[in-house]
Every structure is written in structure tokens, then in C-alpha cells.
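Chains as they are written, first to last, in my numbering: chain L, 1 to 211; chain S, 1001 to 1182. Here a beta-carbon is modelled for each residue, glycine too, at the ideal position from N, C-alpha and C.
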């Protein structure tokens, strides 16, 4: 059975309308917020600006790592939630289907129209997005970018592979890292993210338990 | 009672999440708190100011747009009531605007996404930490009272992250010269 993204979108939209008396949305094992994309874009792009051209690479790395660590914890919570067990798990037939489930949740969250283009188990994941809010926001505010600007999606792509092939949680974070090979902010027709093993990655023990 | 209807304002256009027709995204406490910590640790006071300003600007523009949609909300009170509903509906927590005027305001928050999220990830802290809420309050008050961005300076006098009973905020109009340079 293929992953039916519309079921996941429906569950997220219905769940996000329900909040407890404190105004908090507990959904898919996390506390969810609904915030303008301009808030996130301003934080990212102004952090880069404030750190200046000398520290631009460091700023980008901070943002990617923040997203990857978050994606790792977030989707670990999501795949252990009762909503996942009830709605997504019945559609999963292979290990790699989990990633399609993750991307369907990301689409439901409004991060963009993520599409899994290629998965080579334990080695490589390619995700393509034609409408990322980061690329759209950068281009609208600053014009054509000199390099990829979708730091959140880049980190999250790495996190998906960490969760599947990085070893036991919570030790597998940053086992993989992703590059943004194409970005709409720099004039490409789409944004594309390729996650591969991090250069300093140590293979988890073959004898160890896997998911 | 405000006619603001959250259920019709939260919608989708394909893969985009919209609130009152404007692009929003759903993110969880892991990401929001990670971003806050990254900015505080990397940039210190500049990072705190960036968190404040980003929330202020986003809330200001979103709320001005909403006010234009709900022209029947003519009183400040009804607009601020809509702001409280919006805050709660977005999963951001509870906000009460007390004695809000074009020059000042007292605001209380017995619960918030950022407090719940920070406590879940890192536990208590020694300094107030609700920079997003401060900025959000400034932005909606500037939109409500038809004041420019940067008009309000908002401080957090009590914070649940420091074990206070609730978060309390004070809004004051910034001096003109400061407002121009912010």
C-alpha cells in the first residue's frame, strides 16, 4: 500500500484544531505551533546577516544542525505517537516507506511539497521540493541567492536518514548530512536535498538492535 | 464577543498552510526551542533582539491584515480579544491583555508553547525566556493601536521558566528616537 498523504494531511488539520485548556496543541507526540513563515525566514536570514560574510558558513551550519537535531527528535516522537500507529503505520510496508510517511507529515505541516525522488537504503536519500517556504521567502525578500537557502529542509533530510539508518535513538543524530544541490532561491526550478553518510560517521554495530 | 472564526481562518491551499490567507507553518517545540537556544548562545543580546523583532514583525503584519478583514471590530478591546483567540488557536498559549492603551499595557500569560516546550527540553532557567511572546505582544498591540513597528518595548517581569506563577509582560511606548532606530 502506498503512503496516502491526504490521510495524514487530514489528521494534522483535524488534530491542529484541538487544543487543551492551556492553548497548547499536543499532536503526533510533540507540542505543535502554527506560526507565520515570515518569522522563521527572518530568524534564519538575519542570523546569517548578523554573523557577517566571514562567519556565513558557521551560521548556515548552526541553522542546519538546529533543524537536523529538531527533525531527529520530532520525527522520533512522531513515529512513536498513537496517531502514527493509527494512521500511518498501517500504510507502511517497507523500512523506506517510513521516510515517505515522514515527508507526508512535513507536507501536512506546511513545509513545502516534499517528494522523495530516490532512496538507496543506508546510503542516500534525495528529496525534491518545488515550493519551499524558505526559498520562496528568501527570493521575495532579497532576490536571487548565491547559494541554497533552505536550511530547515536540508537538516530535516539528514534527520530522516539518521532515524532510519543512524543506529539507536538518541545516538544516531548527525550520522548523515545533507547538501542542497538545487534551490529555487538561486534560480533553480526546484530545491533538491541529498543526504549521505557524514564523513566522520561510524557504522553502527552490526550486532546491535535495529529498528 | 468577537466574530473572529478560527475554524474558517485555518485552511490549506495544496501543500501550504494558511491562516486568514497568509502562509503559516506548523513546527513543534523541538524546532522552536532549538532555534531560540541557537540564537541566544550564538549572538547573546543580539540574538534575543532578533527573536523579539522577528516575532514582532510577523505578528504586526499578520494582525494588520486580520484587522482589515474584520472591519466590524472597531474597539481596541475587541481587537485584542481577537489577538488572544489567535494566540491560543495557533497553539501558542494563553494571553490576557490587561489595561492595554496606545501607550502602555500589562499582559499576563498563564501558559505558553515556549514555556511548555522549554521546560520539556531544558527545565528551569534563571532569566526570563519568552522572547517570542514579547515580540508577538508588541506586534499585535502596534497593529491594534495603529502605531508603527517598534512603537512598543515589551519586557517580561515574571516568567514561569524562573518558577514564577505566570508570565507577566509590561508594554511601554518606546521613545521616538529609539523607535526610529529599531
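Counterpart residues of residue i in DSSP-defined beta bridges
i                       : result
residue 1049 of chain S : Looking at the DSSP assignment, residue 1049 of chain S forms no beta bridge with any residue, so it has no partner.
residue 36 of chain L   : S/1024
residue 30 of chain L   : L/27
residue 129 of chain L  : L/191
residue 196 of chain L  : L/177
residue 1059 of chain S : BP columns for residue 1059 of chain S are empty, so no partner.
residue 139 of chain L  : According to DSSP, which records beta bridges pairwise, residue 139 of chain L is partnered with nothing at all.
residue 182 of chain L  : L/192
residue 1105 of chain S : S/1171
residue 1152 of chain S : S/1173
residue 124 of chain L  : L/120
residue 1093 of chain S : S/1112
Coil, strand or helix - residue i by DSSP
i                       : result
residue 207 of chain L  : In this prediction, residue 207 of chain L has a pLDDT of 40, which is less than 50 and means its spatial position is unreliable; what the coordinates show is noted afterwards. Residue 207 of chain L: coil per DSSP, three-state reduction.
residue 1098 of chain S : strand
residue 1157 of chain S : strand
residue 118 of chain L  : strand
residue 1179 of chain S : Interpretation of residue 1179 of chain S is limited by its pLDDT of 48, a score under 50 that renders its predicted location unreliable; no figure is taken from the coordinates.
residue 7 of chain L    : helix
residue 153 of chain L  : helix
residue 1064 of chain S : helix
residue 1016 of chain S : strand
residue 1113 of chain S : helix
residue 1166 of chain S : coil
residue 77 of chain L   : helix
residue 1007 of chain S : helix
residue 18 of chain L   : coil
residue 1087 of chain S : helix
residue 1125 of chain S : coil
residue 1071 of chain S : coil
residue 1135 of chain S : helix
residue 1147 of chain S : coil
residue 71 of chain L   : helix
residue 101 of chain L  : helix
residue 144 of chain L  : coil
residue 12 of chain L   : helix
residue 92 of chain L   : coil
residue 171 of chain L  : coil
residue 2 of chain L    : coil
residue 158 of chain L  : helix
residue 45 of chain L   : helix
residue 82 of chain L   : helix
residue 111 of chain L  : coil
Option nearest residue i by Cα separation, candidates the options
i                       : options                        : result
residue 1031 of chain S : S/1149, S/1117, S/1106         : S/1117
residue 198 of chain L  : L/70, L/175, L/179             : L/175
residue 1034 of chain S : L/143, L/128, L/155            : L/155
residue 76 of chain L   : L/183, L/167, L/182            : L/167
residue 33 of chain L   : L/68, L/115, L/12              : L/12
residue 178 of chain L  : L/172, L/163, L/190, L/194     : L/194
residue 1022 of chain S : S/1036, S/1056, S/1061         : S/1061
residue 1126 of chain S : S/1018, S/1088, S/1163         : S/1163
residue 36 of chain L   : S/1045, S/1072, S/1010, S/1152 : S/1010
residue 186 of chain L  : L/74, L/124, L/140             : L/140
residue 1091 of chain S : L/98, L/31, L/10               : L/31
residue 1055 of chain S : S/1175, S/1170, S/1149         : S/1149
residue 170 of chain L  : L/54, L/73, L/48, L/149        : L/73
residue 158 of chain L  : L/142, L/192, L/184, L/145     : L/192
residue 1167 of chain S : S/1095, S/1153, S/1174, S/1123 : S/1095
residue 234 of chain L  : L/46, L/5, L/113, L/29         : Only positions 1 to 211 of chain L appear in the structure, and residue 234 of chain L is not among them; the question remains open.
residue 164 of chain L  : L/120, L/180, L/188            : L/120
residue 88 of chain L   : L/189, L/188, L/5, L/173       : L/5
residue 151 of chain L  : L/172, L/181, L/162            : L/181
residue 1018 of chain S : L/188, L/172, L/200, L/108     : L/108
residue 22 of chain L   : S/1042, S/1087, S/1171, S/1124 : S/1087
residue 1008 of chain S : S/1085, S/1137, S/1020         : S/1020
residue 1016 of chain S : L/110, L/148, L/122, L/200     : L/110
Closer than 6 Å: residue i CB and nearest the ligand MN heavy atom
i                     : result
residue 72 of chain L : In the structure shown, the ligand MN is absent, as is every other ligand, since no ligand is present at all.
Chain-ordered neighbours of residue i on chain B, where CB pairs are closer than 8 Å
i                       : result
residue 1129 of chain S : The chain labelled as chain B is not found among the protein chains of the depicted structure, namely L and S.
Under 8 Å: do the stretch 1157-1164 of chain S and the stretch 1078-1090 of chain S share three or more Cβ pairs, one atom per stretch? no
I want to know whether the stretch 1125-1136 of chain S touches the stretch 1101-1115 of chain S - three or more CB-CB distances under 8 Å. yes
At a cut of 8 Å, does the stretch 1021-1030 of chain S reach the stretch 1097-1105 of chain S through at least three beta carbon pairs? no
Taking contact to mean 3 or more Cβ pairs, one atom from each stretch, closer than 8 Å, check whether the stretch 1134-1147 of chain S and the stretch 1048-1067 of chain S are in contact. yes
Answer yes if the stretch 124-140 of chain L comes into contact with the stretch 60-74 of chain L, meaning at least three C-beta pairs across the two stretches below 8 Å, and no otherwise. no
Is the stretch 1044-1055 of chain S in contact with the stretch 93-108 of chain L, if contact means three or more CB pairs nearer than 8 Å? no
Taking 8 Å as the threshold, find out whether the stretch 63-74 of chain L comes into contact with the stretch 14-26 of chain L through three or more Cβ pairs. no
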